[in-house]
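Have a look at the structure below, then the notes.
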Amino acid sequence: TAGTAGTVITESAFTVANNSNRILIVCAGVEAGAQTISGITWNGVENFTLAVTLGESSRRTAIWYLVNPTATTADVVTTWSSSANKRGAGVYSFYNVNQASPIGVTNTAIGTGTTTTGTITPTTAGSLVVDVTVTESSVTATDSLTAGWVTTLGGTKAFGSQYDLTPTINASNNMFYTYSGSSNWNWCGIEVK
360 TAGTAGTVIT
370 ESAFTVANNS
380 NRILIVCAGV
390 EAGAQTISGI
400 TWNGVENFTL
410 AVTLGESSRR
420 TAIWYLVNPT
430 ATTADVVTTW
440 SSSANKRGAG
450 VYSFYNVNQA
460 SPIGVTNTAI
470 GTGTTTTGTI
480 TPTTAGSLVV
490 DVTVTESSVT
500 ATDSLTAGWV
510 TTLGGTKAFG
520 SQYDLTPTIN
530 ASNNMFYTYS
540 GSSNWNWCGI
550 EVK
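Each residue of the sequence shown is one higher than the one before, counting from 360 in this note's numbering.
Shown next, in the form of structure tokens:
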């Protein structure tokens, strides 16, 4: 995460193992909804594809993916379209993923309160689910699934991502966060087949 103005966040020296049917997933958030990600690269030359995004006046979340990244240790560079103060990005590496059509259902949600209400209903056997959230107010977050991270943007806005490797297929899976106080929140989630 970054608490000073800028356009880039770099995940330095991230390692992708030489497993079969690889994918990289980047979950990003920013305090300003007008900010968009102009691109994400792996290893300097491999470009990610946008899976889902949701922007509001004061916050934006997005999930991007890269199929069959080169197995190496390199940087993941997330670039925003213009400078933003409070922004964050994190990366997951998974394998045994459908290479032709890796992203299944997606969902987005916005709301106000102390709990998010994001859900995903995966439809493909063996899928996993991943999400990302960001808040407008200065609160802390507690996740309900396996944490990728739960932190703050610039020390104030809650920013989190979580996943479930064994969600219930063809049923609504809750991917909730509980906040330390009421806030406007923004949430995106995806199924990875």
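Every residue, glycine too, gets a C-beta built ideally from N, C-alpha and C.
The beta carbons of T467 and V411 sit about 6 Å from each other, so the pair counts as a contact at 8 Å. In the structure shown, the three-state DSSP call for L524 is coil. Taking 9 Å as the cut-off, the beta carbon of V551 is found closer than this to the beta carbon of V488. Put simply, of I479, T408, A387, G463 the residue whose alpha carbon is nearest the alpha carbon of V491 is A387.
R381: not part of any beta strand (DSSP E); DSSP gives it neither H nor E. A straight-line Cα-Cα distance of about 9 Å links S460 and V426.
For G507, the enclosing beta strand (DSSP E) has its first and last residue at 505 to 512. Note that the segment 405 to 419 does not touch the segment 471 to 485; fewer than 3 beta-carbon pairs, one per stretch, sit closer than 8 Å. The segment 445 to 501 is shown to contain whole beta strand (DSSP E) runs of 3 or more residues at 446 to 453, 462 to 474, 487 to 497, in chain order. The DSSP-derived three-state label of G403 is coil. Here Y424 is buried, its C-beta having at least 16 other C-beta atoms within 10 Å.
A residue is called buried once 16 or more other Cβ atoms fall within 10 Å of its Cβ, and T369, having fewer, is exposed. Boundaries of the beta strand (DSSP E) around S440: 432 to 443. Taking the Cα positions, D434 is about 5 Å away from S371.
If you check the CB distance, N529 and D523 do not come in under 9 Å. Of T525, T527, D502, R419, the smallest CA-CA separation from G519 is found for D502.
Under DSSP, the beta-bridge partners assigned to K516 are S497, L512.
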